[in-house]
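Structure first, commentary second.
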Amino acid sequence: MFDNGRMTFLSSLAALFSGRPAATPATTPTDLELRVVKLDPPDGSTLGASEDVTVTVEWRYSTPASHIPIWVKPESPDAVAGSYGADGGEARPGQGSLERTISMHEAGHVDGLLLVAKDDNSREIFRRVVPVNYTFVASAEHDEKMRDGLGSRILSVTFDPPSPARLKPGTCVTVHIAYDARSEHGLRPLAIPLTDAAMTYNGAVTTVEGEGEMDQYFTVGEPGTVKQVRVTLWNEVGGVVAEKIVDVDLHYDN
Numbered sequence: 277m278f279d280n281g282r283m284t285f286l287s288s289l290a291a292l293f294s295g296r297p298a299a300t301p302a303t304t305p306t307d308l309e310l311r312v313v314k315l316d317p318p319d320g321s322t323l324g325a326s327e328d329v330t331v332t333v334e335w336r337y338s339t340p341a342s343h344i345p346i347w348v349k350p351e352s353p354d355a356v357a358g359s360y361g362a363d364g365g366e367a368r369p370g371q372g373s374l375e376r377t378i379s380m381h382e383a384g385h386v387d388g389l390l391l392v393a394k395d396d397n398s399r400e401i402f403r404r405v406v407p408v409n410y411t412f413v414a415s416a417e418h419d420e421k422m423r424d425g426l427g428s429r430i431l432s433v434t435f436d437p438p439s440p441a442r443l444k445p446g447t448c449v450t451v452h453i454a455y456d457a458r459s460e461h462g463l464r465p466l467a468i469p470l471t472d473a474a475m476t477y478n479g480a481v482t483t484v485e486g487e488g489e490m491d492q493y494f495t496v497g498e499p500g501t502v503k504q505v506r507v508t509l510w511n512e513v514g515g516v517v518a519e520k521i522v523d524v525d526l527h528y529d530n
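In the working numbering, the protein residues as written are 277 to 530.
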């Protein structure tokens with residue numbers, strides 16, 4: 277969802293992660309290999325809430341013969357909010373490296389980095405957890421930033437195609453979000469379908485201010501239903517300052 281960060285070499289665990297996923301039914305065959313090679317700051321560090329950890333991942337694969345989106349997500353034993361960087365479109369057949377950032381928006385711990393890759397139908401083809409040990413601490417300045425944007429509103433939410441609808445898996449749904457963003461530093465609209473089916477949604481990257489409208493998108497990649505969509509406004513440190521749960525009736529089948 278959010279993208280920024282730094283880079284440093286992880287010398288203590290040069291082979292912190294490498295591996296291949298187990299075969300999963302109904303997903304695209306892949307020989308994808310992933311390996312975490314750098315962390316900044318180093319594993320074991322203490323950070324301020326909403327500061328970033330930059331994760332450098334090497335990839336290698338030949339199948340499928342197309343782009344594979346890859347994410348790195350924080351795992352925490354604490355019930356606190358976190359964020360992770362959007363896929364940047366880097367991974368193509370062959371080999372290379374990419375950077376992703378993760379962060380926690382409240383005091384807590386991160387004890388794992390979840391590496392996830394998906395196929396064109398939004399179904400997972402790779403999932404592994406890399407053990408780490410990061411501590412995030414709060415501060416008065418951070419608590420003040422968490423309040424930025426309070427009083428903002430989501431004015432309306434509409435969909436294209438409109439609900440109710442029967443859709444083919446892989447159909448992109450556009451979410452039109454009208455907002456009143458009352459923030460000193462800007463807010464980010466986000467729309468997430470609530471479903472058990474494989475899905476993806478675009479990250480909240482662009483900030484908005486004042487009254488206006490912005491489009492977000494999601495895709496469900498397999499048969500299933502979406503009965504609700506969660507629409508939120510996020511501030512710069514990951515605080516949710518406005519939320520609307522919208523009832524929909526979207527059925528996906530082949």
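A virtual CB, placed ideally from N, CA and C, is assigned to each residue, including glycine. Note that the structure is predicted; figures quoted are calculated from it, not measured.
Take the Cβ of residue i as the centre, count every other Cβ of all protein chains shown within 10 Å, and call the residue buried at 16 or more, exposed below.
{"i": "PRO407", "result": "exposed"}
{"i": "GLY515", "result": "buried"}
{"i": "ARG423", "result": "exposed"}
{"i": "GLY538", "result": "The requested residue 538 does not occur in the structure, where the chain is confined to residues 277 to 530."}
{"i": "ARG399", "result": "buried"}
{"i": "ASN511", "result": "buried"}
{"i": "LYS503", "result": "exposed"}
{"i": "PRO440", "result": "exposed"}
Thinking C-beta only, is residue j closer than 8 Å to residue i?
{"i": "VAL329", "j": "PRO345", "result": "no"}
{"i": "ALA518", "j": "SER428", "result": "yes"}
{"i": "LEU509", "j": "ALA457", "result": "yes"}
{"i": "VAL331", "j": "ILE401", "result": "no"}
{"i": "VAL405", "j": "GLY388", "result": "yes"}
Would you identify the three-state DSSP class for residue i, choosing helix, strand or coil?
{"i": "HIS385", "result": "strand"}
{"i": "ALA512", "result": "This sequence places Glu at residue 512; Ala is not what is there. In the structure shown, GLU512 sits in coil (DSSP, three-state: anything other than H, G, I, E or B)."}
{"i": "HIS527", "result": "strand"}
{"i": "LYS444", "result": "coil"}
{"i": "ALA302", "result": "Low confidence applies to ALA302: its pLDDT is 49, below 50, so where it sits in the model is not reliable, and the reading given next is rough at best. In this structure, ALA302 counts as coil in the three-state DSSP scheme."}
{"i": "ASP491", "result": "strand"}
{"i": "GLU334", "result": "strand"}
{"i": "ALA518", "result": "strand"}
{"i": "GLU417", "result": "helix"}
Which value, in whole angstroms, describes the spacing of the CA atoms of residue i and residue j?
{"i": "GLN492", "j": "GLY425", "result": "20 Å"}
{"i": "SER342", "j": "ASP307", "result": "12 Å"}
{"i": "VAL226", "j": "TYR477", "result": "Since the first residue of the chain shown is 277 and the last is 530, residue 226 is not available in this structure."}
{"i": "ASP436", "j": "LEU526", "result": "11 Å"}
{"i": "GLY365", "j": "THR482", "result": "18 Å"}
*Kindly provide the ranges of any beta strand (DSSP E) runs that are 3 or more residues long and lie completely inside the stretch 450 to 487, ordered along the chain.*
464 to 470, 475 to 477
*Enumerate, from N- to C-terminal direction, the unbroken beta strand (DSSP E) stretches of 3 or more residues contained entirely within the stretch 347 to 406.*
358 to 360, 370 to 380, 384 to 394
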